[in-house]
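**Q** Chains A and B, in that order, give the protein sequences.
Quick note on numbering that gives the first Met the number 0: the first sequence kicks off at 0 and runs consecutively.
Quick note on numbering that gives the first Met the number 0: the second sequence kicks off at 0 and runs consecutively.
The beta carbon of each residue, even a glycine, is placed where N, CA and C say it ideally should be.
Starting off with a structure, shown below.
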Amino acid sequence: MTKITIDHNTKAILDKKDFARLIKILQEQGYTVIGPHIVDDVVSLRPIDSVKDLPIGYEDEQEKGEYSVKKVDCQSYFQYVVGQDNPRRYFMPPSQRLMSFHVDKKQFVIDQGPPQAPKLAFLGLRACDLASIQIQDRVVGYGVESTFRCESDTYYGETRRQSILIAVNCTRPGNTCFCSSMNTGPKAKENFDIALTELRQSFIVEVGSEKGKKLAQKLPLKEASESDLELAELKLQNAAKHMGRQMETEQVRKLLNNTIEDSHWDKVADKCLSCGNCTMVCPTCFCCTVTDSTDITGTKISRTKEWESCFTHQFSYASGGPQRNTIKGRYRQWMRHKLCTWWDQFGSSGCVGCGRCITWCPVGIDITEEVETLRQSNKSLLNSNNLQEVTT
Amino acid sequence: MITEAIIRPEPICGMETWFPIPAEILETRKENMNTYTYKIRLVDATLRKQYRWAPGQFNMLYVPGIGEAAISISSDSEDPEILEHTIRIVGSVTRAIENMGPGSIIGLRGPFGRGWPLDKIEGRDVVLVAGGIGLAPLRPMVYWLLKHRERYGRVILLFGCRSPDDQLFIDELEQWTQERKIDCLVTVDNATPGWVGPVGVVTDLLQRIRLNADNSTIMVCGPRMLNRAAAWSFLKLHIPEEQVYVSLERNMNCGFGRCGHCQYGSQFVCKDGPVFCFNEIADIFGKEEI
Ligand SMILES: Cc1cc2nc3c(=O)[nH]c(=O)nc-3n(C[C@H](O)[C@H](O)[C@H](O)COP(=O)(O)OP(=O)(O)OC[C@H]3O[C@@H](n4cnc5c(N)ncnc54)[C@H](O)[C@@H]3O)c2cc1C
Ligand code: SF4
Ligand code: SF4
Ligand code: FES
């Protein structure tokens, strides 16, 4: 094997038969490898031990309110897209005990401190997942020096710093995907350490960072030929043309700022069950609630942080009752937040186009359709100048 | 000079975000049927010296084993070692606090939020409008204006509550009225025998005052309906939008823009507010379920 020089942006070939080496090396370096793995008939993102845990040869089918995976004949490693799991599950776990303590005289005496941040290697994240991690970084202020200590998230920061992100470019987009509309995929553009593009017998390995470079140097890589690179590029261009869904994002903030009282929200509310599935599967949702619990004597106290959904009643309870008492108010909040107010808060869209909320909505509400319907019924509004500019 | 450090001092917490630090209740005072003022002091002497806050800011008060509630600081911001919180008993946390007395330990994180626009009112007339418990976050403003009286024009306090028995800080209201350094008007929705003051909603009091529309800044805090009625009344009197400030109440869990509960359009009420300039929220202020 000829040794090749690995540098930033290097593209090289990793043979499929050497893929196991990748997992092995990560494990030797103390990483827990998180990768796609079928749990309860869904491709999930879970700790894996070896290549055997990957859903090799499986394909998924997704539609609004529908999901299935089936074994097909091919030997593809990554012929499926995202399932209901999303990466935030590991940076901000669904339920996490922050501490337990007891009160002794005038002190809070810590019995168990904050949880240790794990060292994770994500294998097989998609471009939309990478984008969602960047969005979460902005939400928690990861990497922002000036953050007050009382406002920082140590667990997130440490997990993020210690983790390595190995992405897979999507060559077979799902039926509910619309990442190209949101400009996040199907090809990983940034925020990865290594990105893989799957070919028949091998992967194109692209190095995206110093961390990725160090890892790549340990891999048995070969020079990529012109034709390999061309083939990979073609596959990705083809994928971008075959998105299952599309969303017209032009003026979407304007649209949502000027349709708060549109009657269309009543129609969505008639269907929506307010189950909160969309918020649980969405990789950018960040809402959470910290609650107290005590042991049976009432002296040992734990504080636990859990994912919260803006579709619940208690989410917005204040002295006058819930601020959003109706499903209409809650669905509107969710959708306006993702596509509109997120921009004001964090300078980007809150939707990466992963399509999870479409697939996992039990009644098949589709965010791309909702935008389109609103748009169609407000065409004249959008054309007029007499509008709320892009503000709140 | 009113600097950023005065308006927005660094909040404190325990060893980690979301870990409160202990504070001792020194004294409790009953304000009315269901409202008490608690004098508290941080247990840790070093932190106590570091702790600073500004009028309009709030703490997340914590009862171990029960949870946290956002409560405004109602004392004098220039005496930051002893804090007062005036609390209306409504739910789980506040009820648990009601059962505590001097010597009890509660927890605290804070101060959070953006308070009243201290840096923008030099030389201006200031009108404070409070409804019910909304007087709590305005009391520090009264202290501030009284302490630095010469820097400001007229100061007017309009306070409305349900009945004479629902007033807060009765002795101080009396004192402020007597001293005449500020104009202090109290109205009640329902009078009881012996009440000689005005009866009606707080916006009715506007008929009794003369405003200099070009040089007045308005600060409102009360229930939602009062906030709306008051803000709109002042706009009708030709006070410009950028001179009307409203403090909002939302459900809060974190206090620093992470939990999402307090969102109001694009705003996180906990960190972008709770005090908003009307023009920041004008497009959603009148809408429901935002
Ligand atoms: C910035 C800010 C400053 C504030 N300052 C003050 C202050 O200075 N003084 C003060 O007294 N208050 C203040 N508040 C209000 C205070 O935070 C709330 O009243 C808080 O909810 C009290 O907490 P609690 O746990 O006692 O009540 P909670 O148990 O949270 O109950 C709050 C209200 O919601 C209702 N509720 C809650 N959950 C449910 C449910 N599942 N079903 C039905 N009803 C429910 C309760 O009946 C009650 O009316 C402030 C709020 C904010 C945002
Ligand atoms: S809103 Fe839906 S499509 Fe957009 S990021 Fe969230 S789950 Fe994915
Ligand atoms: S949109 Fe669908 S998934 Fe989201 S809360 Fe409504 S019913 Fe549940
Ligand atoms: S209270 Fe948590 S975001 Fe405002």
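What residues from chain B crowd round A/Met98, counting only those whose CB sits closer than 9 Å?
**A** Per Cβ cutoff of 9 Å: Gly13, Met14, Glu15, Trp17 and Phe18.
**Q** Would you call the region 157-164 of chain B and the region 187-196 of chain B touching, i.e. three or more CB-CB distances under 8 Å?
**A** Yes: the two stretches touch, three or more of their Cβ pairs being nearer than 8 Å.
**Q** Use the C-beta contact count for A/Thr391: other C-beta atoms within 10 angstroms, 16 or more gives buried, fewer gives exposed.
**A** Bear in mind that a pLDDT of 37 at A/Thr391, under 50, signals an unreliable position, so the model cannot answer this.
**Q** Under the criterion of a Cβ to heavy atom distance below 7 Å, does B/Ile6 qualify as lining ligand 1?
**A** No, the beta carbon of B/Ile6 sits no closer than 7 Å to any heavy atom of ligand 1.
**Q** DSSP on A/His402, reduced to helix/strand/coil?
**A** Absent from the model: residue 402 of chain A. The displayed extent of chain A is 0 to 391, so no value can be given.
**Q** Is there contact here, the region 54-61 of chain A with the region 157-174 of chain A, by at least three beta-carbon pairs under 8 Å?
**A** Judged by Cβ distances under 8 Å, the region 54-61 of chain A makes contact with the region 157-174 of chain A, as three or more pairs qualify.
**Q** Say whether chain A places a C-beta atom closer than 8 Å to the C-beta of B/Ser265.
**A** So, interface residue.
**Q** Identify the contact partners of A/Asn324 in chain B, using a Cβ-Cβ distance below 8 Å as the criterion.
**A** Result: Glu288.
**Q** Does the beta-carbon distance from B/Tyr244 to B/Ile283 come in below 8 Å?
**A** The answer is no: Cβ separation not under 8 Å.
**Q** Using a threshold of 7 Å, is the CB atom of B/Arg113 nearer than that to any non-hydrogen atom of ligand 4?
**A** No; taking the cut-off as 7 Å, the Cβ of B/Arg113 has no heavy atom of ligand 4 nearer than that.
**Q** Can you look up A/His101 in the DSSP assignment and give me helix, strand or coil?
**A** Here A/His101 sits in strand by DSSP.
**Q** Count the other C-beta atoms from every protein chain shown that fall within 10 angstroms of the C-beta of B/Val128, then say buried if there are 16 or more, exposed otherwise.
**A** Buried, since its Cβ has 16 or more Cβ neighbours within 10 Å.
**Q** Below 8 Å, how does it come out for the region 57-70 of chain B and the region 90-104 of chain B: are there three or more Cβ pairs, yes or no?
**A** Yes, they touch.
**Q** Could you name the residues that DSSP lists as bridge partners for A/Gln95?
**A** Answer is A/Lys304, bridged to A/Gln95.
**Q** If contacts are defined as beta-carbon pairs under 8 Å, then A/Gly352 and A/Ser180 qualify, I think. What distance do you get, rounded to the angstrom?
**A** Sure, about 6 Å apart at Cβ, within 8 Å.
**Q** What are the residues of the region 281-297 of chain A that lie near chain B, defined by any Cβ-Cβ distance shorter than 9 Å?
**A** Under the 9 Å Cβ criterion, the region 281-297 of chain A contributes Cys284, Phe285, Cys286, Cys287, Thr288, Val289, Thr290, Asp291, Ser292, Thr293 and Gly297.
**Q** Are A/Cys360 and A/Cys277 touching if we call contact CB-CB under 8 Å?
**A** It is a contact, given that the beta carbons lie within the stated cut-off.
**Q** Which residue marks the beginning of the alpha helix (DSSP H) containing B/Pro139, and which one marks its end?
**A** Arg138 to Lys146 is the extent of the alpha helix (DSSP H) around B/Pro139.
**Q** Report the three-state DSSP secondary structure of A/Arg87 (helix, strand or coil).
**A** It is helical.
**Q** Quick one: list the residues of chain B neighbouring A/Val351, beta-carbon separation under 7 Å, in chain order.
**A** Chain B residues near A/Val351: none, gap ~18 Å exceeds 7 Å.
**Q** Compute the Euclidean distance between the alpha carbons of A/Leu53 and A/Asn324, then round it to the nearest angstrom.
**A** Taking the straight line from one Cα to the other gives about 44 Å.
**Q** Does any C-beta atom of chain D lie closer than 8 Å to the C-beta of B/Arg161?
**A** Of the protein chains in this structure, namely A and B, none is chain D.
**Q** By a C-beta neighbour count over all protein chains shown, 10 Å radius and 16 as the cutoff for buried, is A/Tyr357 buried or exposed?
**A** The amino acid at residue 357 of chain A is misidentified as Tyr; the sequence shows Ile. Buried, because 16 or more other Cβ atoms sit within 10 Å of the Cβ of A/Ile357.
**Q** Looking at chain A, is there any beta carbon in it that lies within less than 8 Å of the beta carbon of B/Gly106?
**A** For B/Gly106, the answer is yes, since a Cβ of chain A falls inside 8 Å of its Cβ.
**Q** Mind checking if A/Arg302 is an interface residue toward chain B, Cβ cutoff 8 Å exclusive?
**A** Closer than 8 Å to some Cβ of chain B, the Cβ of A/Arg302 qualifies, so yes.
**Q** What separation, rounded to the nearest whole angstrom, lies between the Cα atoms of B/Arg141 and A/Gly156?
**A** Rather than Arg, the amino acid found at residue 141 of chain B in this sequence is Val. Taking the straight line from one Cα to the other gives about 42 Å.
**Q** For B/Met99, which of helix, strand or coil comes out of DSSP?
**A** Of the three classes helix, strand and coil, the one that applies to B/Met99 here is coil, per DSSP.
**Q** Drop a sphere of 10 angstroms on the beta-carbon of B/Arg7, count the other beta-carbons inside from all chains shown, and report buried for 16 or more, exposed for fewer.
**A** Classification for B/Arg7: buried.
**Q** Compute every distance between the C-beta of A/Arg411 and the non-hydrogen atoms of ligand 2, then say whether any falls below 7 Å.
**A** A question about residue 411 of chain A goes unanswered here, because the residues of chain A that appear run from 0 up to 391.
**Q** Cβ of A/Pro86 less than 8 Å from any chain B Cβ?
**A** Answer no: the Cβ-Cβ gap between A/Pro86 and chain B never drops below 8 Å.
**Q** Taking CB distances under 8 Å as the criterion, tell me whether B/Cys258 reaches chain A.
**A** Taking Cβ atoms only, chain A reaches closer than 8 Å to B/Cys258, which makes this a yes.
**Q** A/Cys287: buried (16+ other C-beta within 10 angstroms of its C-beta) or exposed?
**A** When all chains shown are included, A/Cys287 counts as buried.
**Q** On the criterion of 16 or more Cβ atoms from any shown chain inside 10 Å, does B/Cys269 qualify as buried, or is it exposed?
**A** When all chains shown are included, B/Cys269 counts as buried.
**Q** Nearest chain A C-beta to B/Glu9 closer than 8 Å, yes or no?
**A** Yes, B/Glu9 lies at the interface with chain A (some Cβ there is under 8 Å from its Cβ).
**Q** Could you check the C-alpha separation between B/Arg249 and A/Ile259 for me, to the nearest Å?
**A** Approximately 20 Å, taken between the alpha carbons.
**Q** Under three-state DSSP, which class holds B/Gly131?
**A** Of the three classes helix, strand and coil, the one that applies to B/Gly131 here is helix, per DSSP.
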